[in-house]
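Working notes, structure below.
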Amino acid sequence: MNTKKIIFTMLLLFIVFSPVFSQEKWEMLFNGKDFKGWSKIAGKADYVVKDGVIIGTSKAAMPNSFLATNKNYGDFILELDYKIEEGLNSGVQFRSQFKKEYKNGRVNGYQFEFDTSARAWSGGIYDEGRRGWLYTMEKNPTAKSAYKASEWNHIRIEALGSTVRTWLNGVLCASILDDLPEAASGFIALQVHEIYKPEDEGKTVQWKNIKICTTNLEKYRTPENRQVYQANCNDNTISSFEQKEGWKLLWDGKTTDGWRGAKLTTFPAGGWAMENGVLRVLNSNGAESTNGGDIVTIKKYKNFELTVDFKITDGANSGIKYFVDTELNKGEGSSIGCEFQILDDKLHPDAKLGVKGNRMLGSLYDLIPAPTDKFFRKSDFNTALIVVRGNKVTHYLNDKITVEYERGTQMWNALVNYSKYSVWSNFGNAAEGNILIQDHGNEVFFKNIKLKELP
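Each position in the sequence shown, counted from 1, maps to that position plus 1150 in the numbering used here.
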């Protein structure tokens, strides 16, 4: 083959396979000149256009402000560039709504997080005005380094049906599965977040090159990356991702199947309610296991990952126990086992008892304290995760470790001997046990109780 034919063949291959000819068909949402197609809603932060860039400026004593598209979008691929001054928090809303009758006109919907703080959650997905955090970057910590401080950053959002994924500077950050009807469509908006420090007034967040694709999305969507965790936001369900990982529901969201009273052969006749996919401990003025009593799994477990979403009321006390032996205590009070403490640290007196805070939220109750700087939102559901691999146990609260320990060691036995559990022979060293949800007489809500058995 002569040189001309080689060059022609290479050119033909380039034309056929070049990404240029398979790129998305983009629509520019911002014309680079003015706010045509956009409107300000909520808050009164300043937005201006300068040199092809939208600039939002923070204001003191001002709630979250938004510059929103006049048009709603359902399925799409969105890309844009942003730059934000250190100290600010901001984001891009998508599939969002604004109705005066909803929470006094609060914007609600998905948000791609811009985070300049040390926690580094840029690229995470927050459900503004509804459910709070759906995907923090603790679920995908390797992506925390994607954000470039004080530089232009490029984002990509793929919202196709119930699957939503985000990218920051080419790094896949977050992935969720969510069938919430209200989250199927809505506007796109640029947020200027309220500020809490006087020195942050007058700082800016900037956006440019805002473009969207709404056609042939299946052709242009990024292939799945199963190395990045997908969060299932659909209550009391197992997604295909979770199923492949080996997760199963411990509570189906409707019935008492798989559970019994800790001191009964059947599920308690009272003291518990199941409504709208939520398991609720009924209030009985803080009395421990005197109303419905604790409930336990019928099956016992050895090595596992257990995740439970919970929400507390003011002053509430409860817990999630594991390695429970229901034969140990048949008298008054709760059944005996290792406990992930659930507590209102600010309002319940138990927080000040024990030793060095070992009865506070996220602790191994009465044995090992959790850190005091926990990420916890009392008004929302929070996630407890307990991982057991042999004698090694880890507690997580909202994806951050609160406790790590090893059973069966000299240190472990010393801790037990110094605790309220010293009266129970070989406490915490059982090879397997039931999982327990505690009735401590306060109203507490549970859902999404899932378990993955480990080798």
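Beta carbons: idealized from backbone N, C-alpha and C, even for Gly.
Among Gly1483, Gly1193, Gly1469, Phe1262, which residue has its Cα nearest to the Cα of phenylalanine 1595?
Walking along the sequence shown from the start, residue 1595 turns up at place 445. The candidate whose alpha carbon is nearest that of phenylalanine 1595 is Gly1469.
Give every residue of the same chain whose Cβ lies closer than 6 Å to the Cβ of leucine 1228, excluding the five residues on either side of it in the sequence, and list them in chain order.
Here residue 1228 is taken as the residue at index 78 of the sequence shown, counted from 1. Cβ within range, chain order: Ile1307, Ile1362.
Can you tell me the Cα-Cα spacing of isoleucine 1191 and proline 1418, whole angstroms?
Working through the sequence shown from its first residue, we reach residue 1191 at position 41. Working through the sequence shown from its first residue, we reach residue 1418 at position 268. Rounded to whole angstroms, isoleucine 1191 to proline 1418 spans 50 Å at the Cα level.
Could you tell me the distance, in whole angstroms, from the CA atom of asparagine 1592 to the CA atom of glutamate 1278?
Translated into the one-based positions of the sequence shown, residue 1592 becomes position 442. Translated into the one-based positions of the sequence shown, residue 1278 becomes position 128. Their Cα atoms are separated by approximately 28 Å.
Which residues bound the alpha helix (DSSP H) around asparagine 1567?
Residue mapping note: residue 1567 aligns to position 417 of the sequence shown, counting from 1. 1560–1567 is the span of the alpha helix (DSSP H), which, as asked, contains asparagine 1567.
When the Cα of aspartate 1196 is compared with those of Ser1208, Phe1185, Leu1230, which residue comes out closest?
Position 46 of the sequence shown, counting from 1, holds the residue named residue 1196. For the residues Ser1208, Phe1185, Leu1230, the minimum Cα distance to aspartate 1196 belongs to Ser1208.
Judging by CA-CA distance, which residue of Phe1337, Leu1340, Asn1254, Lys1233 is the nearest neighbour of tyrosine 1297?
Your numbering for residue 1297 matches position 147 in the sequence shown. Here the closest residue by C-alpha is Lys1233.
Straight-line CA distance for phenylalanine 1171 to threonine 1372?
Sequence index remark: in the sequence shown, residue 1171 carries index 21 (1-based). Sequence index remark: in the sequence shown, residue 1372 carries index 222 (1-based). Bear in mind that the predicted position of phenylalanine 1171 carries a pLDDT of just 41, short of 50, making it too unreliable to give a figure here.
Looking at valine 1273: is its Cβ nearer than 7 Å to the Cβ of alanine 1293?
As a position in the sequence shown, residue 1273 is number 123, starting the count at 1. As a position in the sequence shown, residue 1293 is number 143, starting the count at 1. For the sequence presented, residue 1273 should be read as glycine rather than valine. Yes, these two residues count as a Cβ contact at 7 Å.
Do aspartate 1530 and glycine 1282 count as a contact pair if the criterion is CB distance below 7 Å?
Against the sequence shown, residue 1282 aligns to sequence position 132. Against the sequence shown, residue 1530 aligns to sequence position 380. Going by C-beta atoms, glycine 1282 is nearer than 7 Å to aspartate 1530.
Whole angstroms are fine: how far does the CA of lysine 1249 sit from the CA of leucine 1535?
As a first step, residue 1535 must be located in the sequence shown, where it is residue number 385. As a first step, residue 1249 must be located in the sequence shown, where it is residue number 99. Whole-angstrom Cα-Cα distance: 36 Å.
Could you give the uninterrupted runs of the beta strand (DSSP E) lying entirely in the region 1451–1481, keeping only those of 3 residues or more?
Complete beta strand (DSSP E) runs here, min 3: 1454–1462, 1467–1475.
What are the boundary residues of the alpha helix (DSSP H) that includes serine 1390?
For the purposes of this step, residue 1390 is taken as residue 240 along the sequence shown, with counting starting at 1. Residues 1390–1395.
For the candidate residues Gly1443, Asp1549, Val1203, Thr1266, whose alpha-carbon lies nearest to that of leucine 1586?
Counting from one through the sequence shown, the residue named residue 1586 turns up at place 436. When each option's Cα is compared against that of leucine 1586, the closest is Gly1443.
Whole angstroms is fine: what's the gap from alanine 1333's alpha carbon to proline 1519's?
Within the sequence shown, residue 1333 is the residue found at index 183, counting from 1. Within the sequence shown, residue 1519 is the residue found at index 369, counting from 1. For alanine 1333 and proline 1519, the distance between alpha carbons rounds to 38 Å.
If you reduce the DSSP assignment to three classes, tell me which class isoleucine 1520 lands in.
Walking along the sequence shown from the start, residue 1520 turns up at place 370. For the sequence presented, residue 1520 should be read as alanine rather than isoleucine. Coil, per DSSP.
May I ask you to list the residues that DSSP assigns as paired with methionine 1178?
On the sequence shown, residue 1178 is found 28 positions in, with the first residue counted as 1. Looking at the DSSP assignment, methionine 1178 forms a beta bridge with Lys1361.
Along the chain, where does the beta strand (DSSP E) containing glutamate 1229 start, and where does it finish?
Locating residue 1229 in the sequence shown gives position 79, where the first residue counts as 1. Unbroken beta strand (DSSP E) run through glutamate 1229: 1226–1234.
For glycine 1558, count neighbouring Cβ atoms within 10 angstroms of its own Cβ and tell me buried if that reaches 16, exposed if not.
Numbered from its first residue, the sequence shown carries residue 1558 at position 408. Glycine 1558 comes out exposed.
Would you kindly work out how many angstroms separate the C-alpha atoms of asparagine 1222 and arginine 1245, rounded to a whole number?
Against the sequence shown, residue 1222 aligns to sequence position 72. Against the sequence shown, residue 1245 aligns to sequence position 95. Asparagine 1222 and arginine 1245: Cα-Cα distance of roughly 7 Å.
With a threshold of 16 other CB atoms inside 10 Å of the CB of asparagine 1426, please say whether the residue is buried or exposed.
Counting from one through the sequence shown, the residue named residue 1426 turns up at place 276. By the neighbour-count rule (16 or more Cβ atoms within 10 Å), asparagine 1426 is not buried but exposed.
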